[in-house]
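Enquirer: Be aware that the sequence shown starts at 84, since it is given in the numbering used here, and climbs by one per residue.
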Amino acid sequence: MIEKQLKVWFSIALKKWNSEKNDRLMPWKGEKDPYKIWLSEIILQQTRVEQGQAYYERFLNRYPSVHNLAQAIDNEVFKLWEGLGYYNRCRNLLTTARKISEEYHGEFPKSKEGLLKLKGIGNYTAAAIGSFAFGLPLAVVDGNVFRVLSRVFGISDPIDQQKGKLKFEALANLLLDKKNPASHNQAMMDLGATICKPKNPVCADCPFSNKCVAFIKGQQTEFPQKAKKSKTKERFLYYLILECKRQRLVRKRGAGDIWKDLHEYILKESDEPQAEKDLRNPSFWAPNTIFSAKQVRDSSDELVHQLTHQKIRSRIIYVIIEKKIELDGYRWVSNSEIKKLAFSRLLTRYLENRQ
Ligand code: SF4
Numbered sequence: 084m085i086e087k088q089l090k091v092w093f094s095i096a097l098k099k100w101n102s103e104k105n106d107r108l109m110p111w112k113g114e115k116d117p118y119k120i121w122l123s124e125i126i127l128q129q130t131r132v133e134q135g136q137a138y139y140e141r142f143l144n145r146y147p148s149v150h151n152l153a154q155a156i157d158n159e160v161f162k163l164w165e166g167l168g169y170y171n172r173c174r175n176l177l178t179t180a181r182k183i184s185e186e187y188h189g190e191f192p193k194s195k196e197g198l199l200k201l202k203g204i205g206n207y208t209a210a211a212i213g214s215f216a217f218g219l220p221l222a223v224v225d226g227n228v229f230r231v232l233s234r235v236f237g238i239s240d241p242i243d244q245q246k247g248k249l250k251f252e253a254l255a256n257l258l259l260d261k262k263n264p265a266s267h268n269q270a271m272m273d274l275g276a277t278i279c280k281p282k283n284p285v286c287a288d289c290p291f292s293n294k295c296v297a298f299i300k301g302q303q304t305e306f307p308q309k310a311k312k313s314k315t316k317e318r319f320l321y322y323l324i325l326e327c328k329r330q331r332l333v334r335k336r337g338a339g340d341i342w343k344d345l346h347e348y349i350l351k352e353s354d355e356p357q358a359e360k361d362l363r364n365p366s367f368w369a370p371n372t373i374f375s376a377k378q379v380r381d382s383s384d385e386l387v388h389q390l391t392h393q394k395i396r397s398r399i400i401y402v403i404i405e406k407k408i409e410l411d412g413y414r415w416v417s418n419s420e421i422k423k424l425a426f427s428r429l430l431t432r433y434l435e436n437r438q
């Protein structure tokens, strides 16, 4: 009985806020095409909406259907993804597009179980595609939903542990308006993004404030809770851009480390920070990377690039030489060809700023 009353209160409050106050606009809102929903959800994982929007539009322009994406050349897709980071998402995007195009005749599975079989689709994305495209009664539980539920009900179970996740999923599914799962899910995410924000939630405008545990106790910032503090590893990556006759030495990064399958210039990783003068010395690099001081065209200040679990500290030296050298694992690529290859954001940002 209590559950039923709670569900009714929650549902009425959310619906009223959604119809009267929710003015959040996003290009994929109300979308029913599973391809577009999937694309937006994959792009938005780990990416801010403002940044993701431009990528979403670019991808749809270039690949209007799942068949177009399935037939794309890998490098072109990586290039289009450049700057979004977390390149596993991009690899999974291609694998899943090809599976749907070739094995499922372009049709997305219409069940949670079917969706979960696809690479890169977990509970969250399956619920989003299932509810938005097919009206399946599946609650979407993203960071916004964790935040709203943990605050409203004062739930302190850690959201980064399986037990906590299952508890939140069960509660979200209990509260879901099963007749209108798409608008309910969207409203929950919108409320979390615009009202129940991580910092400075706008409780005065919130439809749940009369019962919200966190608000009543003044503990908004204490929810949601996490068990682990993620450790950040510091790394020192130094790059040498060696150019000769409008070509540069480039290689593709392999598996087992960050930026897999992206391209890069000559890399030397160090155990400790290096000063600029050390990088200007050819002996820092490989035995056959010989260049003179006057061939150094540029050297960057220290560049700091933050990834989820790694802080990259880097410097880049740009050298133009007259005679090509050979370096194991690297190949000469023309500058025009390089424009078609995907590089890490660290390297593209440096080159953009140089121009
Ligand atoms: S009252 Fe405040 S803390 Fe509670 S759900 Fe609303 S915005 Fe979040």
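Glycine included, every Cβ here is placed at the ideal spot set by N, Cα and C.
(1) Rounded to whole angstroms, what's the CA-CA distance from P220 to A253? Just pull it up for me.
(2) What did DSSP end up calling V223 once you bin it into helix, strand or coil?
(3) In angstroms, rounded to a whole number, what distance separates the CA positions of E159 and F291?
(4) Please confirm if the region 183 to 196 is in contact with the region 350 to 362, defined as three or more CB-CB distances below 8 Å between the two stretches.
(5) How about V224: is its Cβ closer than 6 Å to a heavy atom in the ligand SF4?
(6) Under 6 Å Cβ to Cβ from A425, same chain only, skipping five residues before and after it: list those, please.
(7) Within the present structure, is the beta-carbon of I278 separated from the nearest heavy atom of the ligand SF4 by less than 6 Å?
(8) Ends of the beta strand (DSSP E) at L323?
(9) Going straight from the alpha carbon of L176 to that of H150, what length do you get?
(10) Under 7 Å between the Cβ atoms of R329 and N418?
(11) Run through DSSP, which three-state label would L350 get?
(12) Check for me: the alpha helix (DSSP H) holding W342 runs from which residue to which?
(13) What first and last residue would you give for the alpha helix (DSSP H) that runs through I126?
(14) Considering only DSSP beta bridges, list what S266 is partnered with.
(15) Would you list the residues sitting across from Y170 in a DSSP beta bridge?
(16) Could you tell me the alpha carbon to alpha carbon distance between Y207 and G218, rounded to whole angstroms?
(17) Going by C-alpha to C-alpha distance, which of L152, S94, F229 and V91 sits closest to K119?
(18) Kindly list the residues whose CB is nearer than 6 Å to the CB of F93, restricted to its own chain and excluding five residues on each side of it in sequence; keep chain order.
(19) Entirely within the region 349 to 417 and at least 4 residues each: give me those alpha helix (DSSP H) ranges in chain order.
(20) Terminal residues of the continuous beta strand (DSSP E) containing K335?
(21) Can you name, in chain order, every residue of its own chain whose Cβ lies under 7 Å from the Cβ of G247, other than the five neighbours on each side?
(22) Using a Cβ-based criterion (distance less than 6 Å to any ligand heavy atom), does V228 qualify as near the ligand SF4?
(23) Quick check on DSSP: helix, strand or coil for F191?
(24) Nearest by alpha-carbon distance to I299: which of A287, K309 and A310 is it?
(25) For the ligand SF4, is there a heavy atom less than 6 Å away from the beta-carbon of A30?
(26) Is F426 helix, strand or coil by DSSP?
(27) Enumerate in chain order the residues of its own chain whose CB-to-CB distance from F229 is below 7 Å, with the five nearest sequence positions on each side excluded.
Expert: With the given structure in hand:
(1) 13 Å
(2) coil
(3) 46 Å
(4) no
(5) no
(6) F161, K162, E165 and L345
(7) yes
(8) K316 to C327
(9) 12 Å
(10) yes
(11) strand
(12) Careful: W342 lies outside any alpha helix (DSSP H) and carries neither H nor E.
(13) P117 to L127
(14) None; S266 has no bridge partner.
(15) Bridge partners of Y170: none, in fact.
(16) 15 Å
(17) L152
(18) L258
(19) 359 to 362
(20) Q330 to K335
(21) D240 and P241
(22) no
(23) coil
(24) A287
(25) Nothing about residue 30 can be reported from this structure: the residues present for the chain run from 84 to 438 only.
(26) strand
(27) I242, F251 and P307
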